Amino acid sequence: MTQVGNQQEFIREMKKTIICVVCPMFVFILLSVQLETVQGDARTQTVELKCDSQREHNTTRFVPNFVATMENISDQMRTKGYGQAVVGTGPDRNYGFAQCYGDLSLLDCVLCYAEARTNLPRCFPFNGGRIYLDGCFMRAENYSFFGEISGAEDKAVCGNASRKNHIFRETARRAVLDAAMTAPGNGGFARAALPVQRSGNESVYVLANCWEVLNASSCKACLEKASSLVMGCLPWSEGRALKAGCFMRYSDMNFLNAEQSGKRSKGSNESKKMAKSLYNSSLNFKYSTLEKATGSFDEANKLGQGGFGTVYKGVLADGREVAVKRLFFNNRHRALDFFNEVNIISSLEHKNLVRLLGCCCSGPESLLVYEFLPNKSLDRFIFDPDKGKALNWYQRIEIIIGTAEGLIHLHENPEIRIIHRDIKASNILLDSKFRAKIADFGLARSFQGDKSHISTAIAGTLGYMAPEYLAHGQLTEKADVYSFGVLLIEIVTGRQSRSKNTDYADSLVISEEQLPSPSNPPFIDEKTMELNGMHEDPSHPLNTDSSPSNATASYSSFYPR
């Protein structure tokens with residue numbers, strides 16, 4: 001079998017074997033964030049992935065051992081920020097270790113580890129490897145490496161953004177050496193920030209971190225060699241030293257997270273109870289159930305893809321058809337978007353809102369399960385000249401009214417108001433009778449009824465976003481009303497507000513429509529006349545043989561298409 005084939009087999013086996021590795025972390029992160037806000041950066045950027053050269057000879061034993069090692073470590077990462085495990089016997093024994101750098105919060109640590117354990121399996125079919133991220137480190141081998149401080153794979157990774165003067169270089173040397181001396185007596189971690197003299201606001205920022213498995217003398221020896229490596233990057237503005245037993249970095253940019261008071265929080269009992277409650281609730285689907293329902297997420301079952309995930313059609317064992325939204329998160333914001341969608345839509349029930357059936361918390365990725373709507377999304381019809389013929393004016397009016405009723409339900413809830421923030425044709429789904437249902441609540445925000453607005457980071461789709469929201473970031477229901485207005489124009493004209501290749505100035509909202517020349521007979525169809533009460537009036541100009549006026553033409557120039 002080829003290396004690519006082996007790697008694909010390994011990934012498939014991991015998905016079948018992994019039970020609750022990433023998703024429970026995700027639930028823990030989300031619930032903890034809701035209870036205690038921790039601002040920080042998980043620093044999930046990969047610096048180096050290095051794989052061993054020896055191939056694994058026994059895949060059937062290697063895969064479950066590796067997965068069990070990762071599960072064991074993940075439990076430790078959630079409570080103390082590092083973990084080590086040994087699983088198996090003989091030559092197939094798997095040794096694993098992972099650690100976050102000392103300035104990461106527990107929540108950011110788990111996110112960084114999730115990214116590391118997602119990428120390390122790329123080393124398969126080789127039987128070991130290590131990955132350095134800017135926020136954490138992970139390694140797996142078939143031998144015990146826990147006491148190593150140096151190795152053939154040690155290296156420096158230098159940035160090449162800019163070269164610095166001699167004052168910066170001397171400041172960087174002092175900061176690096178100070179951190180290397182401080183860390184061994186400080187639990188293996190040190191950070192430094194030294195201002196560069198006569199340079200305005202410029203400073204040098206340094207992080208030094210030994211692995212928890214090293215004692216103080218081994219840590220000191222490792223960081224001495226790391227400091228020599230990293231200073232070889234000068235005069236460049238940034239450098240990293242990647243050692244078997246430690247990590248060091250300097251930069252002219254402040255990459256360090258704010259200092260925390262005390263030790264890493266282990267999360268409250270309340271958050272753990274909430275996580276367990278969600279995991280055991282009726283909303284929870286087994287990963288294996290949804291994997292089977294979608295044919296292992298077969299491309300043939302793919303319904304669509306957006307900025308927050310891919311949607312697949314699935315058929316459950318009882319014959320029910322469902323839509324499964326598959327998300328991959330690698331940062332706090334994506335994780336919060338997932339929780340936000342579950343939290344908001346699970347509390348909603350209305351004929352014009354897509355119904356959430358549940359979610360999955362037992363696999364390597366996050367899954368949402370919705371009711372299946374056979375006609376998919378509105379954009380497939382109104383922007384396609386052929387499919388658009390399936391929607392007559394009556395159906396289009398009903399879609400507009402249904403969408404409006406769904407928005408009213410969101411905006412006028414007496415207890416809590418909800419703003420969708422991403423109303424557009426692709427987020428309006430159609431059932432078998434072409435009735436509209438609003439979908440995708442990943443960007444939605446809720447706030448109490450006594451507030452006039454909320455200030456938030458701007459999010460949505462250009463071409464549908466209200467100008468005042470773009471300018472000031474103050475979110476009200478009017479943002480949805482504006483988007484609804486754009487959608488209405490799209491439904492009537494069959495034209496999309498903004499293509500990917502145009503700028504905001506080309507928005508449909510501010511464009512002019514070239515009207516057709518008046519002609520005889522009139523170009524208005526029967527449905528248009530009926531909807532506007534003109535059909536039964538024989539005296540109406542459009543029911544005579546006279547040519548239509550320019551004013552009439554401007555009113556009725558659009559067919560459904």
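Residues in the sequence shown are numbered consecutively from 1, following full-length UniProt numbering.
Cβ coordinates follow ideal geometry from the N, Cα and C atoms, glycine included.
Keep in mind it's a predicted model, so treat the numbers as computed, not measured.
Residue i and residue j look like a contact to me (Cβ under 8 Å); what is the Cβ gap, rounded to whole Å?
i, j, result
"V176", "Y101", "No, V176 and Y101 are not in contact; Cβ-Cβ is about 15 Å, not under 8 Å."
"A436", "L430", "6 Å"
"A404", "F484", "7 Å"
"Y132", "L242", "5 Å"
"D103", "L256", "5 Å"
"I438", "L353", "5 Å"
"L368", "K325", "4 Å"
"T59", "V87", "Actually they do not touch by this definition, with Cβ atoms about 15 Å apart."
"Q327", "E365", "Checking the sequence, you will find Leu at residue 327 rather than Gln. With 8 Å as the limit, L327 and E365 qualify as a contact, their Cβ atoms being about 7 Å apart."
"G295", "N301", "6 Å"
Closest to residue i by CA distance: which of the options is it?
i, options, result
"D252", "E259, E238 and A258", "E238"
"R117", "V157, T46 and Y464", "T46"
"G187", "A179, F168, A216 and I167", "A216"
"A446", "S432, P467 and R421", "Just to set this straight, residue 446 is Ser in the shown sequence, not Ala. Of the listed residues, the one whose Cα sits closest to S446 is R421."
"F62", "Y143, M231, R169 and A208", "Y143"
"N160", "C233, E259, H57 and F484", "C233"
"Q99", "Q474, V213, V311 and I423", "V213"
"S74", "Y482, Y464, L106 and R93", "L106"
"Q54", "E170, G128, G406 and L470", "G128"
"E170", "A114, M231 and V324", "M231"
"A192", "D154, T182, R198 and K389", "T182"
"Y464", "F441, S497 and K478", "S497"
"G245", "F145, R173, K286 and A300", "F145"
"N165", "E202, H350 and I408", "E202"
"E48", "V157, N72 and D92", "V157"
"G147", "Y82, S218 and P195", "S218"
"E56", "N413, P125, K325 and F97", "P125"
"I399", "R130, P184 and K351", "K351"
"K292", "L316, S150, A300 and N284", "L316"
"V492", "V67, L194, L378 and E321", "L378"
"N392", "E371, F434 and H411", "F434"
"S288", "K302, G309, G200 and C359", "C359"
"I401", "L111, L207 and V481", "V481"
What does the alpha-carbon distance come out to for the pair residue i and residue j?
i, j, result
"G319", "A85", "42 Å"
"K376", "R122", "35 Å"
"N65", "G90", "12 Å"
"V311", "N427", "12 Å"
"N258", "N209", "Residue identity differs from the one stated: residue 258 is Ala in this sequence, not Asn. Going from the Cα of A258 to the Cα of N209 covers about 16 Å."
"F383", "Q395", "15 Å"
"D503", "T461", "No answer about D503 holds up, because its pLDDT of 44 lies below 50 and its placement is not dependable."
"Q76", "Y82", "6 Å"
"A179", "I458", "39 Å"
"Y205", "C136", "17 Å"
"L373", "F247", "51 Å"
"L229", "G185", "21 Å"
"P235", "L488", "58 Å"
"A390", "Q474", "39 Å"
"E468", "C109", "37 Å"
"G151", "R173", "24 Å"
"K225", "F168", "21 Å"
"D154", "T79", "29 Å"
"L194", "A221", "24 Å"
Per DSSP, residue i forms a beta bridge with which residues?
i, result
"R326", "T310 and L367"
"L430", "A436"
"N215", "DSSP, once it has assigned bridges, lists no residue as partnering N215."
"N375", "In the DSSP output, where bridge partners are listed per residue, N375 has none listed."
"K302", "Y312"
"F285", "C360"
"F447", "R417"
"W236", "R163"
"R191", "L207"
"A241", "A156 and M248"
"L353", "I438"
"E321", "V315"
"T46", "L133"
What are the start and end residues of each continuous alpha helix (DSSP H) run of 4 or more residues lying completely inside the stretch 49-84, in chain order?
59-80
May I have a chain-ordered list of the alpha helix (DSSP H) segments no shorter than 4 residues that lie completely inside the stretch 73-158?
106-119
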